[in-house]
Each structure stands twice: as C-alpha cells, then as structure tokens.
Amino acid sequence: MKLYTVFVKSLYKPLNTFSLLLNSKESIKFGWIFTIGFAILYTITAVILTIKDFIPIAEPSIPIPLQEYYFWQCFFAIPIGIIGVALNYCITIGFLRLFSIKLGSQKLWGPISIASVLPFVFTTWIPETFIVAVFYDANEWTYLTFDMIRIAIGSLWAVILTILAVKSVEDVKWLQSILIGIISSGAMGTLMGIFYR
1413 MKLYTVFVKS LYKPLNTFSL LLNSKESIKF GWIFTIGFAI LYTITAVILT IKDFIPIAEP
1473 SIPIPLQEYY FWQCFFAIPI GIIGVALNYC ITIGFLRLFS IKLGSQKLWG PISIASVLPF
1533 VFTTWIPETF IVAVFYDANE WTYLTFDMIR IAIGSLWAVI LTILAVKSVE DVKWLQSILI
1593 GIISSGAMGT LMGIFYR
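Residues 1413 to 1609 (this note's numbering) make up the sequence shown, in order.
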C-alpha cells in the first residue's frame, strides 16, 4: 500500500481501507506517519501563529498567558498529539479485550491513527494554516462560532472514522464499534480540547 492511496481511500472508502490496513504489515508504519506527520504540521502552524503574534480567541484551559500560548504550543503540540492518538488506541484495545475480541494489538494502530487525525487535516490544520495564519494579521480572526462549527464537524468525522476503524476488526458488532468509537475518540477529543487552541 502507498501512503497517498491510504490517505485518499480513507476519505471515500474508509471501512475497506481500514480492513486492508488491519491485515497489512505496514499498519504500524502508516499509523506513525499519520500521527507524527499531523503533529508536526500542527506545530508548524503554531510557529507561524507565534511569529505573527496571534493569541487564542477561546480562553485556554491550561494556565498559560494568551500572548504566550502559541509559543508554548510549539513545544507540546507533538507530544500531546501522540498521546491523544495513543489514548484513542489504548481505550479501543481495552474495550476489545473487555468484549473478548482477540487481535494482534499493533494491527489496529494504523486505522485508529488515521481515524484520529485525518478529519482534522481538513477541519483544523488547513483552515488555521492557509486561511487564518496566512491571510490574517494578529487578532483579526475573531470568528469563534465558525471555529466551533468546523471543530465540531472534525470531531464528529473522527468519531465516525473511529467507529469504522473498530468495525474493521473481524467479529466486532456494530453496536460494540459505536460504543467504543464514541468513548475512545471522545477521550482523545477531550485531551485535544484542553491543550490545542
């Protein structure tokens, strides 16, 4: 499988793509490429926002002054991104074991990683980098409602993809995959919501 193929087919044939990846020796590799790649891209965006003196339009959840937030996000974007995806993955694996579904634990890393980050390439990274950071000066972007809508769309998309990633495992019922997908991606989204701005 090629990276480009996995990326594109995850957009319009996610269940089929996740099933193929689940049985591929490249699942771990693609999972890390997506996870680290997205975290690096998001860090680059934080660097641009820092250089342009942007401040978050939503109050941060952690006690960092607004004027310094994107500077510090340059340092924690990568580890938090990795921890967020790993949280989604670990909770999923835990539930599968709870349901007595046996799976080589590393096989699911690729599908869960893609499900975790792919939606946010389109709903957060592209808008924040190629619209906000490039075309706006510091503090000109004040469209919080639009930001909340696009983040909500990305979050719902990630939940759906996580459900499909879990469903790609043989013997997992739809109800189980829905339950796991909502809880595991919800935990990831909560972590991201605390740290990312």
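Using N, Cα and C, we set each Cβ at its ideal position, and we do this for glycine too.
Host alpha helix (DSSP H) of residue i (start-end)
| i | result |
| --- | --- |
| residue 1576 | 1556-1579 |
| residue 1523 | 1521-1532 |
| residue 1490 | 1481-1510 |
| residue 1596 | 1586-1607 |
Residue i and residue j closer than 8 Å at C-beta
| i | j | result |
| --- | --- | --- |
| residue 1570 | residue 1601 | yes |
| residue 1437 | residue 1429 | no |
| residue 1524 | residue 1500 | yes |
| residue 1579 | residue 1423 | no |
| residue 1442 | residue 1496 | no |
| residue 1530 | residue 1591 | no |
| residue 1515 | residue 1418 | no |
| residue 1464 | residue 1549 | yes |
| residue 1537 | residue 1457 | yes |
| residue 1440 | residue 1518 | yes |
| residue 1546 | residue 1553 | no |
| residue 1510 | residue 1577 | no |
| residue 1532 | residue 1506 | no |
| residue 1568 | residue 1492 | no |
| residue 1434 | residue 1413 | no |
8 Å contact criterion, which residue i and residue j should meet: CB distance rounded
| i | j | result |
| --- | --- | --- |
| residue 1451 | residue 1494 | 6 Å |
| residue 1466 | residue 1551 | 7 Å |
| residue 1609 | residue 1489 | Not a contact, Cβ separation roughly 10 Å. |
| residue 1575 | residue 1598 | So it is not a contact: roughly 12 Å between Cβ atoms. |
| residue 1504 | residue 1431 | Not really, about 15 Å apart at Cβ, beyond 8 Å. |
| residue 1362 | residue 1562 | The shown model of the chain, from 1413 to 1609, leaves out residue 1362, and the question about it has no answer. |
| residue 1468 | residue 1481 | 5 Å |
| residue 1448 | residue 1415 | Not really, about 13 Å apart at Cβ, beyond 8 Å. |
Any chance you could list the alpha helix (DSSP H) runs of at least 4 consecutive residues sitting entirely within the stretch 1418-1459, in chain order? Unbroken alpha helix (DSSP H) stretches of 4 residues or longer found wholly inside the stretch 1418-1459: 1426-1434, given in chain order.
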